[in-house]
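Take a look at the structure below.
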DNA sequence: ATCATTGCAAACACTTTGCATACGC
DNA sequence: GCGTATGCAAAGTGTTTGCAATGAT
């Protein structure tokens, strides 16, 4: 908990209990959680928590670079604590999302067609290992 | 118009006027249009058109492989007539979306970590040529 | 006459906004 | 005490659903 507090402060974000818990959740659950998943998971620990706070906090984190908003479908936004760039594979059968290390397959330059690339996301779709074997 | 009719029939889709016009729009406007853009553009030509029909038709096209649903943000879905795979660059300043040929930079195998990859999308973000020069 | 397509209106689901309350230095 | 963070409720936005009207063969 203490390391999260220092991390937030180092980014100029005042470390409220809600923010600490949301950051901790993102760090401990690298499962591309939705707002609702985070909210539901933390509610027992923070009974007064509101979804607005989860939304506020996540957009603050994204803005400050602590988290990344993933674009995997147009239904619900998903969030990752910011780590090295990686792809996301969504199984079209079971809907599970897997992290994929795409660095062996992708080498995006800093500039393409005169546009400056700041970051990118790769969304892969198909049938996952588990579904294929059933 | 005749070529669209034949194309739909070859896919087993009955070529209603609405479907023909939506397909034509996708073919002539390769600008990743949203449902609303398609609807608004066609309304003068089909005054009775409803958004439901645009939604219905697009999901039929996606299902039959005639179009692709893009996921560029978590706000609105965008659609492309199905062509060779390419990336999409969104300018974070002006919001414009550019097609990017990523084939030189990306080589995704058919299988990764045991998962079967059917298709993928690459969403790039940054500052576009135009915005950089202003 | 039958079946598919269309289109209105209502329902839905996720997200944002407005504003009053509570918290922390 | 004052500025920020929180959280409820309401509004907003994109999408889907139910169902009746229309159209095509």
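Residue numbers (my numbering), protein chains in the order written: chain A, 1356 to 1489; chain B, 1356 to 1489.
No residue lacks a Cβ here, since even glycine has one placed at the ideal position from N, Cα and C.
Terminal residues of the alpha helix (DSSP H) in which residue i lies
| i | result |
| --- | --- |
| residue 1397(B) | 1390 to 1397 |
Span separating the alpha-carbon of residue i from that of residue j
| i | j | result |
| --- | --- | --- |
| residue 1448(A) | residue 1412(A) | 32 Å |
| residue 1454(A) | residue 1441(B) | 21 Å |
| residue 1405(B) | residue 1372(A) | 48 Å |
| residue 1362(A) | residue 1414(A) | 17 Å |
| residue 1472(A) | residue 1369(B) | 42 Å |
| residue 1428(A) | residue 1477(A) | 12 Å |
| residue 1374(B) | residue 1450(A) | 30 Å |
| residue 1367(A) | residue 1378(A) | 14 Å |
| residue 1466(B) | residue 1407(B) | 37 Å |
| residue 1439(A) | residue 1489(A) | 32 Å |
| residue 1446(A) | residue 1395(A) | 24 Å |
| residue 1403(B) | residue 1359(B) | 21 Å |
| residue 1470(B) | residue 1391(A) | 27 Å |
| residue 1365(B) | residue 1420(A) | 49 Å |
| residue 1459(A) | residue 1459(B) | 14 Å |
| residue 1487(B) | residue 1468(A) | 12 Å |
| residue 1424(B) | residue 1424(A) | 19 Å |
Cβ-Cβ distance between residue i and residue j below 7 Å
| i | j | result |
| --- | --- | --- |
| residue 1479(B) | residue 1434(B) | no |
| residue 1393(B) | residue 1409(B) | yes |
| residue 1334(A) | residue 1387(A) | Because residue 1334(A) is not part of the residues shown, which for chain A are 1356 to 1489, the question remains open. |
| residue 1422(A) | residue 1436(A) | yes |
| residue 1357(B) | residue 1389(B) | no |
| residue 1426(A) | residue 1461(B) | no |
| residue 1463(A) | residue 1474(A) | no |
| residue 1397(A) | residue 1376(A) | yes |
Quiz item: Can at least three beta-carbon pairs, one atom from the segment 1474 to 1489 of chain A and one from the segment 1363 to 1383 of chain B, be found at a separation below 8 Å?
Solution: no
Quiz prompt | Secondary structure, alpha helix (DSSP H): runs of 4+ residues fully inside the segment 1436 to 1489 of chain B | solution = 1484 to 1487
Quiz item: At what residue ranges does the segment 1366 to 1431 of chain B contain a whole run of the alpha helix (DSSP H), taking only runs of 4 or more?
Solution: 1372 to 1383, 1390 to 1397, 1406 to 1418
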